[in-house]
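Peer 1:
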């Protein structure tokens, strides 16, 4: 969940449109939120329906990150009436969208 908050609020991939080179390809300005940056969170796992998986192990990793960004985008819309279409959800984009 914390990784999803970081994805929604801080991650931004920038590319050179002429060459396709990724310009944001290092961790120099990368902010990773900690537990103090997010509210208390309860996670519920649906534990049924994975009988077909060999060994019963199911990865959650990156798949669980995407829903957090969508939920935060919907929260912005519910609070303001403006629907963001780009990540990260930055204050300047919110202000621009509200104008």
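In my numbering, the protein residues as written are 71 to 169. Note that beta-carbon positions come from the ideal geometry of N, C-alpha and C, so glycine has one too.
(1) Is the beta carbon of residue 82 sitting closer than 8 Å to the one on residue 158?
(2) Measure how close the beta-carbons of residue 120 and residue 126 come, nearest whole angstrom, since I'm counting them as under 8 Å.
(3) What do you reckon, are the CB atoms on residue 138 and residue 74 nearer than 8 Å?
(4) In terms of alpha-carbon separation, which member of 72, 92 and 98 lies closest to residue 108?
(5) Where residue 78 and residue 103 are concerned, what is the direct C-alpha to C-alpha distance, given to the nearest angstrom?
(6) At 4 residues or longer, what runs of the alpha helix (DSSP H) sit wholly inside the region 87 to 143?
(7) Sort 165, 135, 131 and 100 by Cα distance to residue 149 and report the nearest one.
(8) Consult DSSP for residue 156 and reduce its assignment to one of helix, strand or coil.
Peer 2: Inspection of the coordinates gives the following:
(1) To locate residue 82, count along the chain shown from 1; it is residue 12. To locate residue 158, count along the chain shown from 1; it is residue 88. In contact: residue 82 and residue 158 (Cβ atoms closer than 8 Å).
(2) Position 50 of the chain shown holds residue 120. Position 56 of the chain shown holds residue 126. Correct: roughly 6 Å between the Cβ atoms.
(3) Taking the first residue of the chain shown as position 1, residue 138 is located at position 68. Taking the first residue of the chain shown as position 1, residue 74 is located at position 4. Result yes, Cβ atoms of residue 138 and residue 74 sit closer than 8 Å.
(4) The sequence position of residue 108 within the chain shown is 38, counting from 1. Out of 72, 92 and 98, 72 has the C-alpha closest to the C-alpha of residue 108.
(5) Position 8 of the chain shown, counted from the first residue, corresponds to residue 78. Position 33 of the chain shown, counted from the first residue, corresponds to residue 103. Cα-Cα distance, rounded: 11 Å.
(6) none
(7) Numbered from its first residue, the chain shown carries residue 149 at position 79. Checked all of 165, 135, 131 and 100; the closest Cα to residue 149 is 165.
(8) Here residue 156 refers to the residue found at position 86 of the chain shown. Residue 156 falls in the coil class under three-state DSSP.
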